[in-house]
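Here the structure comes first, spelled out in structure tokens, and everything after it is commentary.
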Amino acid sequence: MEPLPERTAAYRSMMAGRAEVLRRELRQIFPCPSAFVWEMGCGHGHFLAAYAAAHPNEICIGIDIAGDRIARGLRKRDRARLANLHFLHAEARLFLEVLTPAMPISRTFILFPDPWPKSRHHKHRILKPDFLHQLAGRSQPAARLHFRTDFAPYFESASATLAADPRWEVRAEPWPFEQETVFQQRAPTYESASAVLRPAPSPVV
525 MEPLPERTAA YRSMMAGRAE VLRRELRQIF PCPSAFVWEM GCGHGHFLAA
575 YAAAHPNEIC IGIDIAGDRI ARGLRKRDRA RLANLHFLHA EARLFLEVLT
625 PAMPISRTFI LFPDPWPKSR HHKHRILKPD FLHQLAGRSQ PAARLHFRTD
675 FAPYFESASA TLAADPRWEV RAEPWPFEQE TVFQQRAPTY ESASAVLRPA
725 PSPVV
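The sequence shown: position 151 = 675 (the numbering used here), numbered continuously.
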């Protein structure tokens, strides 16, 4: 069944409004061009708050689709007085869409994302070729991507997707920063993967 035209128009209007809010928030964070560390699905902000405290010279931005999680993250930031830490209520693909070349991502953390375990829901998993392509377009050269999950089938699927992507190279690198998230505390076991963004191919002259 085709969507009703008015519903499509309303949805587009809603997304345009959200995009404008994000652009306004990002302009406040970036008064001048700068790279930043991104955590997608930051939850209550435990990991990124610890990372920002340990890396005061790096701008850190966490996003989540749950507003109450963002509120808790902001309270952590304010209590710790971390001027380099920011939390935004946003969906990942829309966030990437509104970034400008003056805001390149240097490092991305995706920690314990929803694995969508049922086969019919696999299309909702975030680590898919289209997302990796969009992320590559918003990342600086040699940017890092760090992924961790406690669901082994998702780890295998995501690792295979990364290995097959010409833009990313899986690396056997040490995990860059350890700080338990709420999900990690609950996980009996988990697996981690890191990848680096390959240089863009030189244009054919």
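Idealized CB from N, CA, C, for every residue including glycine. Nothing here was measured: the structure is a model prediction, and the numbers come from that model.
{"Asked": "Only counting the same chain, and skipping five residues up and downstream in sequence, which positions put a Cβ closer than 8 Å to that of Ala-682?", "Found": "Arg-649, Leu-651, Phe-671, Thr-673, Ala-717"}
{"Asked": "Which residues in the same chain have their Cβ closer than 7 Å to the Cβ of Ala-604, if we skip the five residues on either side of it in sequence?", "Found": "Ala-573, Ala-577"}
{"Asked": "Is the Cβ-Cβ distance between Thr-632 and Leu-669 less than 7 Å?", "Found": "yes"}
{"Asked": "Find out if the Cβ-Cβ distance for the pair Ala-559, Ile-587 is shorter than 7 Å.", "Found": "no"}
{"Asked": "Between Lys-600, His-568, His-610, Ala-696, which lies nearest to Asp-592 when the distance is taken from Cα to Cα?", "Found": "His-568"}
{"Asked": "Between the beta-carbon of Pro-557 and the beta-carbon of Ala-626, is there less than 7 Å?", "Found": "yes"}
{"Asked": "Comparing the CB of Ser-558 with every heavy atom of the ligand FAD, is any distance shorter than 6 Å?", "Found": "Absence of the ligand FAD is noted for the structure shown, with no ligands found whatsoever."}
{"Asked": "Identify, in the order they occur along the chain, each residue of the same chain with its Cβ nearer than 8 Å to the Cβ of Phe-675, setting aside the five sequence neighbours on each side.", "Found": "Pro-639, Pro-641"}
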